[in-house]
Amino acid sequence: MMKKSVGRIIGISELNVKILLYNQDVKIRDVLSCEFEDHLYQFEVVEVHSNIAQAIPFKRVTGLKKGIDVNLEQSGLQMEYSKQILGKVYDPYGNLIEGKKEKSKKTRNVYDRKLSLEEISIKNEPLWTGIKALDFFAPLQKGYKMGLLGGAGVGKTVLIKEIINNVYKKFKSNAIFVGVGERSREGKELIDEMKEDDLLEKMSMVFGQMGESPCERSKAIYSGLTLAEYLRDEEKQDVLVFIDNIYRFVQAKSEISTELKRIPIENGYPTTMASDISEIEERINSTDKGSITSFQAIYIPADDITDEAVQSISTHLDGQIVLDRKVAEKGLYPAINVFKSTSKAIDPEKVGDLHYNLVQETLRYLARYEELEEIIAVLGIDELSEEDKMIFYRSRKLRNYFTQPMFVSENFTGIKGEMVDIKDTLQDVSDILNGKYDEVDEGKLLYRGKLNV
Amino acid sequence: MGTHIEDLVNKKIEQIKNKENVFDSGKVIRVKDYIIEVSGLENVRFFEKVTIWEKGMGYVNQINENSVIVAIVKQYEPIEVGDIVNASGEQFRAIFAKEAIGRIVDLFGVDLLTGRAFEKFEYINIENPTTPIMDRTQVKRPMLTGIAGIDLIYPIGKGQRQLIIGDKRTGKTQICLDTIVNQGKERKEKGEDIICIYIAVGKTKKEIKTIYNELLKRNALSYTTLVVATNDDKPPVASLIPYVGLSIAEEYMKKKKDVLVVIDDLKKHADIYREISLISNKTPGREAYPADIFYLHSRLLEKGCQYKNGGSITILPIVETKGGDITDYISTNIISITDGQIVLSEKEFSRGNKPAINYGISVSRLGGAVQEEKVKKLGAEIRRKFLSYLETKEVYELANVDEMSEDLRKKMKEGKKIQECLRQSKFSPLTNEEIIEKFEQFREET
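For the record, the sequence lines run as chains D and H.
If you read the first sequence in the working numbering, its first letter stands for residue 1, the second for the next number, and so on.
If you read the second sequence in the working numbering, its first letter stands for residue 454, the second for the next number, and so on.
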């Protein structure tokens with residue numbers, strides 16, 4: 001197919017190419033390209049003002065110059081799909097980076113899909129992860145959006161890998177992994193591990209990692225969702241979607257927005273942040289054909305949980321696990337903050353009275369424990385009343401109990417990973433609260449599975 | 454306006470007639486510190502090298518409809534409006550010379566000790582595209598520092614990016630120098646072919662000379678290059694120097710060598726980049742840093758990897774903090790890029806626990822995967838015991854020792870002893886065998 005020239009480059013900066021258009025055929029989100037000295041440059045149009053278009057380059061533009069003609073490559077970013085998508089690894093633009101290319105006729109624009117209210121389905125079916133703290137404090141249901149929030153280096157990626165390990169392996173349902181702005185090393189490790197365990201056959205992955213341009217990082221999510229929607233809509237499957245890390249999507253968008261000289265909101269975030277997030281979050285939903293259950297890691301910049309981007313994302317969530325640096329500093333993993341971690345399933349009608357009451361009681365103990373810690377720092381343990389002493393010791397045991405040996409960190413801890421059934425967790429928590437383990441040293445409860453063996 | 458264009462056209466025609474200036478030329482129309490705007494230069498490429506007639510050198514940073522923005526990297530005389538700027542037809546590039554080992558070099562490939570350029574060299578890109586995900590393999594070989602607190606508890610692997618973070622004067626650079634020096638031992642005893650690159654960003658000349666002398670004294674220069682941008686270099690130079698250092702590292706990595714890169718330090722690099730961004734009118738974001746401050750460091754540190762051909766780049770970036778706070782914007786950004794962090798604290802330093810590692814908040818995300826089998830088991834056990842001791846110590850500090858349970862008392866005593874064993878003075882590396890011998894006593898009798 002002959003490509004016709006639609007414009008000429010008139011300005012270049014690192015993340016923004018200005019193009020003088022010859023005609024009006026170019027729309028926002030069209031992909032343009034030009035070839036110059038054996039090098040293919042591609043851009044996506046983000047702004048059109050009369051006959052001048054601003055476009056963001058897919059890769060670096062070193063060596064490009066003014067006056068070069070550009071062609072219209074395609075209207076909107078297209079992604080090919082077919083039954084063979086599973087077991088493959090893609091780049092953000094829907095090109096394979098691993099696995100054999102299959103002939104496929106079907107393509108879809110990665111932006112197009114919007115769900116109507118009628119299509120959306122809400123079902124209640126519990127989904128247990130085998131991770132004690134998660135199942136107990138923030139239980140999941142099919143079709144939920146679960147956020148894993150945490151600052152730098154408190155264990156988000158480890159937790160999401162553990163969930164992949166537990167949930168995906170257990171249910172063997174189809175899954176999509178979207179790597180956005182995270183480490184390439186971890187991405188490669190995940191691919192390798194999945195292959196080693198023969199698990200890649202039901203999963204496809206899309207990577208736009210942190211070494212890539214903001215354009216790539218902002219696209220990975222669209223391509224990933226397009227694959228998930230295909231599995232849901234056409235293959236009628238229940239799909240698990242793992243996104244690590246959705247904050248990086250907003251971050252990439254801010255970089256692009258700055259380059260376009262748009263006026264930002266606080267902390268340099270783009271003005272369109274809330275709508276950008278809504279646009280993708282509203283696509284992650286279940287229909288009568290199939291469900292999408294998603295796990296989204298959310299980075300908290302500068303440990304500031306009130307950050308505008310983090311708050312905007314978390315309004316879309318059905319549940320959240322908040323990882324806390326203070327807990328991680330004590331060597332307790334998963335380092336969850338029990339007071340901020342919760343889900344919409346914490347409701348007697350959904351999880352039952354027993355579970356609900358135990359959560360309330362545990363939170364009461366742990367809240368008192370935090371107060372007691374302050375008192376102890378001044379007066380010492382000996383000054384506490386008998387009742388408070390009991391709460392103090394039992395709370396420390398509860399706290400230790402919610403640590404768990406993980407499969408994915410066996411290398412680090414040297415302890416074998418374990419999954420714990422929710423029934424066992426409830427039994428153990430109730431036993432600790434009732435004093436069954438009062439005589440046991442608190443250290444013995446660290447990094448264990450269930451207690452009543 | 455019309456006459457201006459006419460002038461330009463006429464001049465151009467005359468130039469062509471006289472066969473002068475094969476490349477484009479233009480005129481400076483605005484000077485803003487080290488960022489200048491140039492009219493003309495219609496055919497320059499993005500990131501092309503340009504020269505300001507007898508006054509300096511720069512690269513194309515932005516191409517507008519009617520002008521070009523140039524960042525100055527070298528300047529001999531003040532640049533003024535009206536100065537002639539010539540294009541070069543080539544990309545702004547750095548220099549890779551084998552002879553640079555043992556020397557202090559700058560961005561332009563000049564040996565700063567002699568002031569001469571190297572005779573044999575190749576041009577290399579200042580920045581290469583990121584190593585593709587599929588060209589990486591697992592990080593699993595140890596990069597030994599000779600420091601027990603690191604090799605045993607928070608190990609570093611070849612291809613890992615491990616952040617060294619802490620306040621002023623807590624021994625950050627020292628840990629890196631220790632590591633570089635220890636590679637000499639590794640080379641000699643195990644025949645490991647490892648190259649070290651120390652990248653200085655905005656350090657004083659005195660500091661650089663001191664580091665050079667330390668390395669010289671300990672015979673570490675036979676395998677180490679110092680790539681530096683000093684305090685008085687132009688900010689664009691300082692902002693590019695880490696990329697150049699990594700480009701040199703990539704040359705070695707592609708030749709199947711293991712490379713250790715130290716970047717000292719990235720906080721200063723971030724501040725320099727902020728300065729350039731603000732002068733170029735970029736919109737400021739959090740703490741006035743531009744939005745791409747994360748990308749600035751993520752694409753730099755992603756160059757660290759275990760490459761498929763067997764070579765590797767290990768990066769030890771340094772970040773300086775204030776008041777021991779590692780949760781500020783730049784620090785957390787970098788922590789979220791690296792594969793772990795060694796946190797140094799002033800408190801430990803003044804207590805005499807050197808290296809002043811805060812074991813509670815230090816992390817290695819690769820952990821045992823990069824340790825030898827025998828060290829791995831011992832390391833996991835010591836780490837667990839020691840962390841549990843540090844945590845318990847805090848809570849029970851005020852408790853009556855006599856009323857403590859037997860278990861607890863034993864734990865406290867042992868923890869204290871581990872702490873003593875972890876003390877180690879500078880340039881006194883321990884081998885894995887020596888570390889095992891020293892810590893064997895804390896192993897549980899089973």
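Heads up, the beta-carbon is just placed ideally off N, CA and C, and yes, glycines get one too.
No experiment lies behind these values; they were computed from the predicted model shown.
Our two residues, L461 (chain H) and L693 (chain H), have alpha carbons roughly 34 Å apart in a direct line. For I381 (chain D), the closest C-alpha among the options H:M857, H:E844 and H:E834 is that of H:M857. Using a Cβ-Cβ cut-off of 9 Å, F242 (chain D) does not count as an interface residue toward chain H, since no Cβ of chain H sits closer than that to its own.
Residue-level contact by beta carbon fails for Q615 (chain H) and chain D, as no gap is shorter than 9 Å. With respect to L797 (chain H), I609 (chain H) sits apart: the two C-beta atoms are not nearer than 9 Å.
Chain order gives the chain H residues near L64 (chain D) as R498 and F499, where near means a beta carbon separation below 8 Å.
Beta-carbon to beta-carbon, N635 (chain H) and G599 (chain H) are separated by about 4 Å, close enough to satisfy the 8 Å threshold.
At least one C-beta of chain H is nearer than 9 Å to the C-beta of V61 (chain D). For N95 (chain D), the closest Cβ of chain H is not nearer than 9 Å. With 16 or more other CB atoms across the displayed protein chains lying within 10 angstroms of its CB, E255 (chain D) is buried. One alpha carbon belongs to D30 (chain D), the other to Q42 (chain D), and they sit about 10 Å apart. Setting aside the 5 residues that flank it on each side, P405 (chain D) is surrounded in the same chain by T413, I415, K416, G417, E418, Y447, R448 and G449, each with a C-beta closer than 8 Å to its C-beta; the list follows chain order. From the beta-carbon of C874 (chain H), no residue of chain D is found nearer than 8 Å; the closest lies around 19 Å away. Listed in chain order, the alpha helix (DSSP H) runs fully inside the region 198–266 of chain D are 214–233 and 247–259, counting runs of at least 4 residues.
The bridge partners DSSP lists for H39 (chain D) are D:F36.
For a Cβ distance threshold of 8 Å, nothing in chain H lies close to T271 (chain D): the least Cβ distance comes to about 11 Å.
In this structure, the beta-carbon distance from I810 (chain H) to K485 (chain H) does not fall below 9 Å.
I648 (chain H) has a beta carbon lying at 9 Å or more from every beta carbon in chain D. Cβ-Cβ distances below 8 Å link A601 (chain H) to C874, L875, Q877, L883, I888, K891 and F892 in the same chain, with the five nearest sequence neighbours on each side left out; the list follows chain order.
For G443 (chain D), the three-state secondary structure derived from DSSP is helix. S294 (chain D) is bridged by DSSP to D:K145 and D:V241. In the three-state reduction of the DSSP assignment, N811 (chain H) falls in the coil class, being assigned neither a helical nor a strand state. Along the region 728–740 of chain H, going in chain order, the ones with a CB nearer than 8 Å to a CB of chain D are K735, T736, P737, G738 and R739. For A653 (chain H), the pairing in a beta bridge is given by DSSP as H:V681 and H:D717. For A175 (chain D), the enclosing beta strand (DSSP E) covers residues N174 to V180. When Cβ pairs closer than 8 Å are counted between the two stretches, the region 335–343 of chain D is seen not to touch the region 818–836 of chain H, the count staying below three. When CB distances to chain H are screened at a threshold of 8 Å, the residues of the region 399–413 of chain D falling below it are S409, N411, F412 and T413, in chain order.
Annotation note: the region 809–849 of chain H contains the following uninterrupted alpha helix (DSSP H) runs of length 4 or greater, listed N- to C-terminal: 826–849. Residues of the region 310–343 of chain D with a C-beta less than 9 Å from any C-beta of chain H: R325, A328, E329, K330, G331 and L332, listed in chain order. Contact annotation for D192 (chain D) against chain H: Q591 [CB-CB distance below 7 Å, chain order].
With a cut-off of 8 Å on Cβ pairs, the region 750–769 of chain H is in contact with the region 611–628 of chain H, counting three or more such pairs. Residues of the region 826–847 of chain H with a Cβ closer than 9 Å to any Cβ of chain D, in chain order: K829, K830, G832, A833, E834, R836, R837, L840, S841, L843, E844, T845 and E847. Within chain D, no C-beta atom comes less than 8 Å from the C-beta of N762 (chain H); the nearest is roughly 15 Å away. By the Cβ criterion, the region 708–715 of chain H is not in contact with the region 683–693 of chain H, since fewer than three pairs of Cβ atoms, one from each stretch, lie closer than 8 Å. C758 (chain H) is bridged by DSSP to H:I766.
Cβ proximity to chain D below 8 Å picks out nothing from the region 664–688 of chain H.
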